[in-house]
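Undergrad: The structure that follows is given in the form of structure tokens.
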Amino acid sequence: MQPTGPYADDLRLAMRIADAVDTYTLKSFQGEDLTVELKSDETPVTAVDREAERMVRAFLEEERRTDAVYGEEFGSKGGSARQWIIDPVDGTKNFIRGISVWATLIALYDDRKPAVGVVSAPALGMRWFAAKGDGAWKGFSLRRAEAIRVSSRQPLADAMLSYSSLDGWEERGLLPDFLELTRRMWRTRAFGDFLSYMMVAEGVVEVATEPELALYDMAALVPIVEEAGGVFTSLTGVPGPWGVDAIATNGLLHEAALEIVGTADV
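For the sequence shown, the positions run 755 to 1020 when the working numbering is used.
Right, dumping it as structure tokens:
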């Protein structure tokens, strides 16, 4: 594909950044000298997370100096309406344990609206990306990418759900609602993290949801899901990554799923 939309150059830059970061993170994956620390929120972090984010920031400082940047490890910089949002290694716990389900997430938002998203999972040999107006794609290069699209499957009884774990649902007092959703589905599997949402975008899963997420966990997922024809909101129905939780669907099932696990009236 050849992007022609208003964010085509930004997509090309994000893909080049992902190429460089993938080379570094993949080389470090399953390293024997990996040091793990706990952050103040009790989540793990490694030197790989920090260096990967530094790499992204260095590219942006060189090529998008006036844009704002927000990342998991080093916080916010700048006040531009154009903001890059970074999760250098989404799935750090998997990375630490030698499980291949982890990815670098790179997003661009313009005036809080999704513009570009890249989700690159080199250990899985997969990358998904999108730019506003240019559709959603899968592949490691623009030239050889394959278009992706959400499924048209409905109702819930014929659809598939992917999630991460039950803990967060229990902590928020929403476990009964979540279990009810699982009972309504044809099949459920815990593929977890970014992968659940990319499977919605690919059309192999119809619903993905999590009860507790940060902005950097979600930002890159939204443009890909939306450009693939899906819907991504918080559990209160707020569009995009601006809540503290998420539900993504093929669109046809969004209202039905929200009726079960939505928190607008909780």
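Even glycine gets a Cβ: it sits at the ideal position worked out from N, Cα and C. Because the structure is a prediction, the values reported are computed rather than measured.
1. Quick check on L989: buried or exposed, where buried means 16 or more other Cβ atoms within 10 Å of its Cβ?
2. If you compare alpha carbons, which of D999, D931 and E934 is closest to Y970?
3. Can you tell me whether DSSP reads D787 as helix, strand or coil?
4. So for T990, helix, strand or coil by DSSP?
5. Given a cut-off of 8 Å on the beta-carbon distance, is the pair P842 and D803 in contact?
6. Taking the alpha-carbon positions, what's the E807 to T779 distance?
7. Contact defined as beta carbons within less than 8 Å: I believe A748 pairs with L1007. What is the distance between those atoms, to the nearest angstrom?
8. With a cut-off of 8 Å on the beta carbons, I'd call P798 and K886 a contact; round off their distance for me.
9. Cα-Cα, which of D821, I840, E817 and R941 is closest to F828?
10. Using a Cβ-Cβ cutoff of less than 7 Å, which residues in the same chain neighbour F894 once the five nearest sequence positions on both sides are dropped?
11. Going by C-alpha to C-alpha distance, which of A884, S918 and I1001 sits closest to T758?
12. Taking only three categories from DSSP, how would you classify R941?
13. Would G833 count as contacting chain C if we go by Cβ distances under 8 Å?
14. Please classify D865 as buried or exposed, where buried requires at least 16 neighbouring CB atoms within 10 angstroms.
15. Please go through the same chain and pick out, in chain order, the residues whose beta-carbon is closer than 6 Å to the beta-carbon of N848, but skip the five residues on each side of it.
16. If distances are taken between C-alpha atoms only, which option among W996, P995, G997 and G991 comes closest to I1014?
TA: In this structure, then:
1. buried
2. D999
3. coil
4. coil
5. yes
6. 11 Å
7. Here the chain covers residues 755 to 1020 and nothing more, so residue 748 does not appear.
8. Going by Cβ atoms, the distance from P798 to K886 rounds to 34 Å, so no, they are not a contact pair.
9. I840
10. R881
11. A884
12. strand
13. Here there is only one protein chain, and chain C is not present.
14. exposed
15. V855 and W856
16. G991
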